[in-house]
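>
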Amino acid sequence: MSERRALHSLIGDTAGRINGVVFYSYPVYSVHPVKKTLCLCAFVTESKSLPKHATCALYLPSQTPYRGNHYLLVQLEDGQHVFLTIGTSEVHPLFGKALGSKTLSSDLRLAMYAADAAALDFFCRTIAPEKGPKTLGSTPRLGIGVRMSTSVWPGIWPAMDKYDFAANAIQNSLRELNMLEDVLAGSKPKTNYLFSFGNIDEGHTGSTFEGLWVSGVLSALKSDTTPQYGADADHIMVKRDPNGLNRAKRIIDSARYYTFFTLDVSDILNYGAINETSASTAESYLTQLVQDDALRREVTAYHRECSQIGGQEYRPDTTTLGRLIGKYWRALNATQELYDYISSLKDGVPFDLELSIDENPPEVQTCESLTKDSEVMFLIAEIQRRQLPITHLAPNFGVEKGVDYRCPGGLEELEPRVQRQYRMASEYGLMLDCHSGDDLKSLTRKAFGRATNGKINFKVSPSLQVIFGETLEDMYPEHFQFWWDDTLAYAKREAEGGASVAIESLKEYERSDSPRPSARTALFEHFNFATVGKRDEQGQYIFREQFYNLPADFYEEYARRVEQRLGEVARDVFNR
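For the sequence shown, our numbering assigns the number 25 to the initial residue and increments by one for each residue that follows.
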């Protein structure tokens, strides 16, 4: 739709229809502009429902009065979104340049602006802050990965309203999202290797950091509810290669409007240092990593002065401190540098910051790399010494994708450990985050809820994509087939390469009583994700549109199931 036609639709036909019965039968150009304006203002200020229009949709929940103008979100027939403004004042320059405008009277003006990322950010921070993503700080919440993007939010908003919880409702990780510049250039996706799973292309959701944020905010503005939500640029990984920090900064550039940044430094931790048996080697980490003599004395003195954290004694000797510095010093330096970078980019706009150490490299087993109490105390003390405004900490609790908690000691060991670390963190205003909570059973989720008094950021993601598959299998099994075929081929390819999860999933499927395409198999649960955003050699999407052009009844049922699932999780982790 051209700008001229779009503007005509909004200030012509649409205005005529908005005026309802009184003006509906008159030609657009015969409607008196003042009457038309007053009628539109009456509709938006009195919260009446807006009539539908053939070429655009107006969203009453978005309407907001601000300094002499009314603002309203509109979706055009080609799917693009604009803001309609009507009033007597000039619109702030940060809202962008008007696509078109019309003077309705001597002091009334109607104009249309692109609802792009910059305009949405200004609208949500300045005009209608209660309707946009927020820095939630210590507010307990769910972190909801939205791999299926626009189809998930219609289930998320009612769940948040019905079960009364906050959420980072715009959330995906670096592994799941593309860089917008790469998509526009048709670049071939980068491939990572995940231990036991095999090769995984980055951006497998088919979304970008920028597009996900814009789509999520638009969805929230259309909602009849007023959700308390944030936007998490999840798992911004700092890799151990020389370009690791620069790549993380590129991701942060793409996520500049997000309210929450998860810095995943797991890859640059020295796991061997924490278990170093030689005292001299452990102590050598101090001089190797903290080479400035004055700084080394300051660090040593600071940590020895901390007597208790969260009711636990913390007074590390030189050997213990050397082990802790050996494992974490490089990661903390990277966190400091990335915090400074985010802070300069946000230019005074507040944000949440998570230090994530919850994952482990292939050579380290999950249950052998649990974050110890002494490590949490060291991190808290060092965060305080550096005056790093970190708001969230994600230790390695031993949670794994695809299985319930299975580390030695079971829930009897897990719950008191989480409780101790919760007390340590909360004493200094930090919130604990639990990643990969999808496959934890109700008893395990409740253990996390009790241990933290429900004050936790509990993250889920893959399960909502699996529910999409289950819904598709139940309602349109013939359409589900293409997804199954590609998933099966992917699992077989990775099994041939030696990926243990692929091998076991295939064996389990083939040994079942009646092997058939099903979303309710371990094979689909572990390997379905790759199909959605799969791209060819030219960087073009292969299947993505097939997930977003399904009948309306499918998306309604999917939203219902998402709402139900999130309600179950919220009740468990928030002790309700």
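Just so it is clear, CB atoms sit at the ideal spot from N, CA and C, and this is done for glycine as well.
Which runs of the beta strand (DSSP E) spanning at least 3 residues fall entirely within the region 187–274, listed in chain order?
Listed in chain order, the complete beta strand (DSSP E) runs (minimum 3 residues) inside the region 187–274 are 190–197, 215–218, 222–225, 253–261.
> Helix, strand or coil, according to DSSP, for S538 in the structure here?
Taking the sequence shown and counting its residues from 1, one reaches residue 538 at position 514. Here S538 sits in coil by DSSP.
> Near A358, which residues of its chain fall below 7 Å by C-beta distance, leaving aside the five closest residues on each side in sequence?
For the purposes of this step, residue 358 is taken as the residue at position 334 of the sequence shown. Hits under 7 Å: V262, L269, V289, I292.
> Going by beta carbon distance, what residues of the same chain come within less than 7 Å of A519, once the five residues before and after it are set aside?
Position 495 of the sequence shown, counted from the first residue, corresponds to residue 519. Result list for A519: A526, I527, L530, in chain order.
> Please state whether the Cβ-Cβ distance between S86 and L97 is less than 8 Å.
Here residue 86 refers to the residue found at position 62 of the sequence shown. Here residue 97 refers to the residue found at position 73 of the sequence shown. Result yes, Cβ atoms of S86 and L97 sit closer than 8 Å.
> So, is V427 buried or exposed, given that buried needs 16 or more other C-beta atoms within 10 angstroms?
Your numbering for residue 427 matches position 403 in the sequence shown. V427 is exposed by the Cβ-count criterion.
> Determine the closest residue to R178 out of E580, L467, I381, R595, with distance taken between C-alpha atoms.
The count along the sequence shown starts at 1 and reaches residue 178 at position 154. In the sequence under discussion, the amino acid at residue 178 is Pro, which differs from the Arg named in the question. If we check each option's Cα against that of P178, E580 comes out closest.
> Taking A594 as part of the alpha helix (DSSP H), name the residues at either end of that continuous run.
Indexing the sequence shown from 1 puts residue 594 at position 570. From DSSP, the alpha helix (DSSP H) with A594 extends over 576–597.
> Is the beta carbon of L446 sitting closer than 8 Å to the one on F402?
One-based indexing of the sequence shown puts residue 446 at position 422. One-based indexing of the sequence shown puts residue 402 at position 378. It is worth fixing the name first, because residue 446 is Tyr in this sequence and not Leu. No; because the gap between Cβ atoms is not below 8 Å, this pair is not in contact.
> Where does R171 fall in DSSP's three states?
For the purposes of this step, residue 171 is taken as the residue at position 147 of the sequence shown. If DSSP states are grouped into helix, strand and coil, R171 belongs with coil.
> When you compare each of S542, G372, E226 to E502 by their alpha carbons, which one comes out closest?
Taking the first residue of the sequence shown as 1, we reach residue 502 at position 478. The shortest Cα separation from E502 among S542, G372, E226 belongs to S542.
> If you draw a straight line from the C-alpha of D316 to the C-alpha of E322, how long is it?
Position 292 of the sequence shown holds residue 316. Position 298 of the sequence shown holds residue 322. Roughly 10 Å separates the two Cα atoms.
> Apart from the five residues just before and just after F375, which ones in its own chain have a Cβ nearer than 7 Å to its Cβ?
As a first step, residue 375 is located in the sequence shown; it is residue number 351 there, counting from the start. Correct list, in chain order: T159, T283, F284, F285, I366.
> Kindly indicate which residue of E387, A583, G92 has the alpha-carbon position closest to the one of F492.
Sequence index remark: in the sequence shown, residue 492 carries index 468 (1-based). Comparing Cα positions, the closest option is A583.
> According to the Cβ coordinates, are N267 and S231 closer than 8 Å?
Translated into positions along the sequence shown, residue 267 becomes position 243. Translated into positions along the sequence shown, residue 231 becomes position 207. No, the Cβ-Cβ distance between N267 and S231 is not below 8 Å.
> Which word fits R600, buried or exposed, when buried means at least 16 other C-beta atoms lie within 10 angstroms of its C-beta?
Within the sequence shown, the letter at position 576 stands for residue 600. Flag for R600 reads exposed.
> Taking the C-alpha atoms as reference points, what is the distance between E439 and K470?
On the sequence shown, residue 439 is found 415 positions in, with the first residue counted as 1. On the sequence shown, residue 470 is found 446 positions in, with the first residue counted as 1. Rounded to the nearest angstrom, the two C-alpha atoms are 9 Å apart.
> Flag this pair as touching only if the region 384–396 and the region 324–336 have three or more C-beta atom pairs under 8 Å; answer yes or no.
Counting Cβ pairs under 8 Å, fewer than three are found: no touch.
> Report buried or exposed for R559, applying the criterion of at least 16 other Cβ atoms within 10 angstroms of its Cβ.
Your numbering for residue 559 matches position 535 in the sequence shown. Buried is the call here.
> Of all the CB atoms in chain C, is at least one closer than 8 Å to the CB of P117?
In the displayed structure, chain C is absent; only one protein chain is listed.
> Looking at the strands, I want to know which residues DSSP matches up with V484.
Here the question's residue 484 lines up with position 460 in the sequence shown. Answer is I168, bridged to V484.
> Could you spell out the range, first to last residue, of the alpha helix (DSSP H) harbouring Y363?
The count along the sequence shown starts at 1 and reaches residue 363 at position 339. Element bounds for Y363: 342–370.
> What's the C-alpha gap between A418 and D382?
The sequence position of residue 418 within the sequence shown is 394, counting from 1. The sequence position of residue 382 within the sequence shown is 358, counting from 1. Cα-Cα distance, rounded: 6 Å.
> Assuming R469 is part of the beta strand (DSSP E), what are its boundary residues?
The residue given as residue 469 occupies position 445 in the sequence shown. Where R469 is concerned, there is no enclosing beta strand (DSSP E), although the alpha helix (DSSP H) it sits in stretches over 466–475.
> Between Y500 and W507, what straight-line distance do the alpha-carbon atoms span, to the nearest angstrom?
By one-based count along the sequence shown, residue 500 stands at place 476. By one-based count along the sequence shown, residue 507 stands at place 483. Each residue's Cα considered, the two are about 12 Å apart.
> Helix or strand or just coil, what does DSSP make of V98?
As a first step, residue 98 must be located in the sequence shown, where it is residue number 74. Correct three-state label for V98: strand.
> In chain order, what residues of the same chain have a beta carbon less than 8 Å from the beta carbon of T415, not counting five sequence neighbours either side?
Here residue 415 refers to the residue found at position 391 of the sequence shown. Answer for T415: G161, S162, D376, L377, E378, G453, L454, M455, listed in chain order.
> Figure out for me which residue from A297, K214, K155, I224 has the closest Cα to the Cα of Q252.
Here residue 252 refers to the residue found at position 228 when the sequence shown is read from its first residue. If we check each option's Cα against that of Q252, K155 comes out closest.
> Return helix, strand or coil for C391, following the three-state DSSP convention.
Position 367 of the sequence shown, counted from the start, is the residue given in the question as residue 391. C391 falls in the helix class under three-state DSSP.
> So for S130, helix, strand or coil by DSSP?
Mapped onto the sequence shown, residue 130 falls at position 106. Coil, per DSSP.
> To the nearest angstrom, how far is the alpha carbon of K121 from that of I404?
Locating residue 121 in the sequence shown gives position 97, counting from the first residue. Locating residue 404 in the sequence shown gives position 380, counting from the first residue. Spanning the two alpha carbons is a distance of roughly 46 Å.
> Could you check where the beta strand (DSSP E) with D457 kicks off and where it finishes?
Indexing the sequence shown from 1 puts residue 457 at position 433. Its beta strand (DSSP E) spans residues 455–458.
> Would you kindly work out how many angstroms separate the C-alpha atoms of F107 and V170, rounded to a whole number?
The residue labelled residue 107 in the question sits at position 83 within the sequence shown. The residue labelled residue 170 in the question sits at position 146 within the sequence shown. Rounded to the nearest angstrom, the two C-alpha atoms are 25 Å apart.
> Return the CA-CA distance between G335 and M448, expressed in angstroms with no decimal places.
Against the sequence shown, residue 335 aligns to sequence position 311. Against the sequence shown, residue 448 aligns to sequence position 424. Rounded to the nearest angstrom, the two C-alpha atoms are 7 Å apart.
> From this set, H550, K126, G254, I566, which residue's C-alpha is nearest V556's C-alpha?
Against the sequence shown, residue 556 aligns to sequence position 532. Comparing Cα-Cα distances from V556 to each of H550, K126, G254, I566, the minimum goes to I566.
> Given 7 Å as the limit, tell me if L464 has its C-beta closer than that to any heavy atom belonging to the ligand COA.
The ligand COA is absent from the structure shown, which contains no ligand whatsoever.
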